[in-house]
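Following: one structure in structure tokens, then a few remarks.
In my numbering, the protein residues as written are 27 to 481.
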């Protein structure tokens with residue numbers, strides 16, 4: 027009898043893994059969800075401080091919106107993505123607790139160092155360090171959730187994990203705004219290191235320091251053995267096997283990655299620039315913007331993702347329903363984001379943005395649950411890296427840069443033109459994202475999540 031192909035063995039493992047009961051029970055599953063989400067939120071606090079600080083940094087260093095888009099977008103995401111590749115390899119071999127602890131310590135330290143940057147280049151270098159360390163979190167967390175969380179909880183698990191950027195971003199805005207206000211009023215005068223720092227520098231130093239508190243959190247999780255050994259397969263698979271598996275099932279993976287990558291680009295073309303848009307159009311102070319926008323994100327995004335998680339668990343393996351739900355959330359998000367630049371007041375801007383925030387995170391949870399259902403445990407780390415690589419470079423990286431570039435180079439460079447850059451990106455990228463989702467929905471109808479993919 028001929029030996030089974032790599033794809034056949036991998037496809038068979040999907041069913042075997044799905045049928046197996048995750049180790050540790052429901053208590054450990056919920057503990058795992060809480061720990062990974064908390065750590066991811068902490069990473070996002072460090073990451074999303076920069077949008078609040080765009081204008082002070084731009085003025086201090088004399089750089090353009092395009093340069094700031096590079097700092098908060100592509101410059102960060104390239105190294106974030108590069109780090110995720112070895113992280114995916116290591117995640118599929120075990121030792122995931124240690125990976126999370128080490129990465130948390132590094133990104134917290136690099137955030138603090140950013141507060142001592144005396145030039146744009148030095149600040150850029152610290153953001154490279156932050157991005158490199160934070161690139162570990164998602165592939166390791168996806169690997170843990172895929173292995174240890176039962177299917178009945180997985181929709182909520184990935185929705186809660188997907189809340190982290192919004193919770194972290196909210197706290198970054200609220201706490202960052204409060205720290206900016208305190209620093210500007212002289213509250214840190216006389217405190218070593220902080221007293222002589224500019225307000226935006228003080229924010230980075232304080233946030234980086236307190237991020238260190240969560241560094242030991244992953245030690246609450248159980249130690250793990252290498253996944254490949256637990257499944258009785260000699261040695262961990264390489265990226266070549268993961269790529270072959272994805273190619274064999276490209277009818278699912280291709281539209282999935284188009285949908286999630288372009289959705290990420292739209293989200294990151296809008297969110298990071300909103301503080302600058304509101305400040306420039308309506309003259310609102312940065313502390314006030316941070317507090318207001320932070321509260322909107324803190325309420326709207328988690329509520330939306332809790333609803334999304336509940337609906338995904340209700341739909342279970344019904345691909346048609348999941349696809350239809352995704353179409354609804356995407357259309358609402360695109361309409362809301364397109365209306366933001368036309369809002370007549372700061373209050374209206376935040377209200378419209380809040381509607382978009384209710385549903386804009388749905389793509390991440392929908393993508394994650396499909397990815398987990400169609401990928402074998404022994405390949406999940408590497409497949410997640412490939413999946414997230416596109417989102418990081420083309421989505422997270424190009425989103426802020428696209429809006430900033432359109433504002434600076436296409437729309438004349440007027441600071442007020444940033445709203446136009448956000449609008450053009452939303453329409454031009456949102457439409458093909460929706461097309462990708464329509465194709466994915468058709469695939470899920472013919473190949474439901476409960477059905478084993480055929481190589």
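Positions of the beta carbon are idealized from the N, C-alpha and C atoms, including for glycine. The model shown is predicted, which means the values in this text are computed figures rather than measured ones.
What residue range does the alpha helix (DSSP H) around residue i cover?
{"i": "residue 440", "result": "Per DSSP, residue 440 belongs to no alpha helix (DSSP H) and is neither H nor E."}
{"i": "residue 237", "result": "225–237"}
{"i": "residue 315", "result": "312–341"}
{"i": "residue 433", "result": "From DSSP, residue 433 is part of no alpha helix (DSSP H); its letter is neither H nor E."}
{"i": "residue 248", "result": "Note, residue 248: premise wrong, no alpha helix (DSSP H); not H, not E."}
{"i": "residue 72", "result": "51–78"}
{"i": "residue 308", "result": "300–308"}
{"i": "residue 209", "result": "177–210"}
{"i": "residue 356", "result": "345–365"}
{"i": "residue 412", "result": "406–416"}
{"i": "residue 91", "result": "91–95"}
{"i": "residue 88", "result": "Per DSSP, residue 88 belongs to no alpha helix (DSSP H) and is neither H nor E."}
Which same chain residues, not among the five before or five after residue i, have their C-beta less than 6 angstroms away from its C-beta?
{"i": "residue 165", "result": "110, 113, 114, 117, 407, 410, 411"}
{"i": "residue 432", "result": "447, 450"}
{"i": "residue 193", "result": "67"}
{"i": "residue 372", "result": "304, 308, 310"}
{"i": "residue 158", "result": "105, 109"}
{"i": "residue 368", "result": "none"}
{"i": "residue 389", "result": "286, 289"}
{"i": "residue 341", "result": "347, 348"}
Can you check whether the CB of residue j is closer than 8 angstroms to the CB of residue i?
{"i": "residue 358", "j": "residue 385", "result": "yes"}
{"i": "residue 98", "j": "residue 76", "result": "yes"}
{"i": "residue 195", "j": "residue 323", "result": "yes"}
{"i": "residue 184", "j": "residue 391", "result": "yes"}
{"i": "residue 153", "j": "residue 140", "result": "yes"}
{"i": "residue 240", "j": "residue 167", "result": "no"}
{"i": "residue 202", "j": "residue 316", "result": "yes"}
{"i": "residue 387", "j": "residue 188", "result": "yes"}
{"i": "residue 155", "j": "residue 132", "result": "yes"}
{"i": "residue 88", "j": "residue 288", "result": "no"}
{"i": "residue 91", "j": "residue 311", "result": "no"}
{"i": "residue 306", "j": "residue 395", "result": "no"}
{"i": "residue 470", "j": "residue 345", "result": "yes"}
{"i": "residue 280", "j": "residue 356", "result": "no"}
{"i": "residue 69", "j": "residue 163", "result": "yes"}
{"i": "residue 245", "j": "residue 436", "result": "no"}
{"i": "residue 284", "j": "residue 138", "result": "no"}
Given residue i, which residues of its chain have a CB within under 7 angstroms of its CB, disregarding the five upstream and five downstream residues?
{"i": "residue 100", "result": "423, 424, 427"}
{"i": "residue 243", "result": "61, 64, 65"}
{"i": "residue 259", "result": "Note that residue 259 scores a pLDDT of 49, beneath 50, so its modelled location is shaky and nothing firm can be said."}
{"i": "residue 228", "result": "141, 205, 209, 214, 220"}
Measuring straight from C-alpha to C-alpha, what distance separates residue i and residue j?
{"i": "residue 276", "j": "residue 170", "result": "24 angstroms"}
{"i": "residue 233", "j": "residue 274", "result": "45 angstroms"}
{"i": "residue 300", "j": "residue 404", "result": "40 angstroms"}
{"i": "residue 464", "j": "residue 419", "result": "23 angstroms"}
{"i": "residue 160", "j": "residue 71", "result": "11 angstroms"}
{"i": "residue 333", "j": "residue 429", "result": "30 angstroms"}
{"i": "residue 353", "j": "residue 360", "result": "11 angstroms"}
{"i": "residue 121", "j": "residue 249", "result": "7 angstroms"}
{"i": "residue 174", "j": "residue 382", "result": "32 angstroms"}
{"i": "residue 83", "j": "residue 207", "result": "16 angstroms"}
{"i": "residue 490", "j": "residue 181", "result": "Only positions 27 to 481 of the chain appear in this structure, which leaves residue 490 out of reach."}
{"i": "residue 467", "j": "residue 400", "result": "14 angstroms"}
{"i": "residue 218", "j": "residue 235", "result": "14 angstroms"}
{"i": "residue 378", "j": "residue 319", "result": "11 angstroms"}
{"i": "residue 191", "j": "residue 298", "result": "12 angstroms"}
{"i": "residue 135", "j": "residue 209", "result": "21 angstroms"}
{"i": "residue 413", "j": "residue 286", "result": "9 angstroms"}
{"i": "residue 364", "j": "residue 247", "result": "42 angstroms"}
{"i": "residue 290", "j": "residue 417", "result": "6 angstroms"}
{"i": "residue 81", "j": "residue 107", "result": "26 angstroms"}
{"i": "residue 79", "j": "residue 103", "result": "18 angstroms"}
{"i": "residue 199", "j": "residue 74", "result": "8 angstroms"}
{"i": "residue 146", "j": "residue 55", "result": "43 angstroms"}
{"i": "residue 216", "j": "residue 143", "result": "20 angstroms"}
{"i": "residue 212", "j": "residue 278", "result": "55 angstroms"}
{"i": "residue 224", "j": "residue 375", "result": "29 angstroms"}
{"i": "residue 296", "j": "residue 96", "result": "15 angstroms"}
{"i": "residue 440", "j": "residue 294", "result": "21 angstroms"}
{"i": "residue 272", "j": "residue 264", "result": "13 angstroms"}
{"i": "residue 266", "j": "residue 93", "result": "36 angstroms"}
Can you name, in chain order, every residue of its own chain whose Cβ lies under 8 angstroms from the Cβ of residue i, other than the five neighbours on each side?
{"i": "residue 398", "result": "168, 171, 172, 180, 184, 406"}
{"i": "residue 57", "result": "246, 247"}
Is any heavy atom in the ligand SAM found nearer than 7 angstroms to the beta carbon of residue i?
{"i": "residue 249", "result": "Questions concerning the ligand SAM fall outside what the structure shown contains, since it holds no ligand whatsoever."}
message: Any contact between the region 440–459 and the region 323–339? By contact I mean 3 or more CB pairs, one from each, below 8 angstroms.
response: By the Cβ test, the region 440–459 is not in contact with the region 323–339, since fewer than three Cβ pairs between them sit closer than 8 angstroms.
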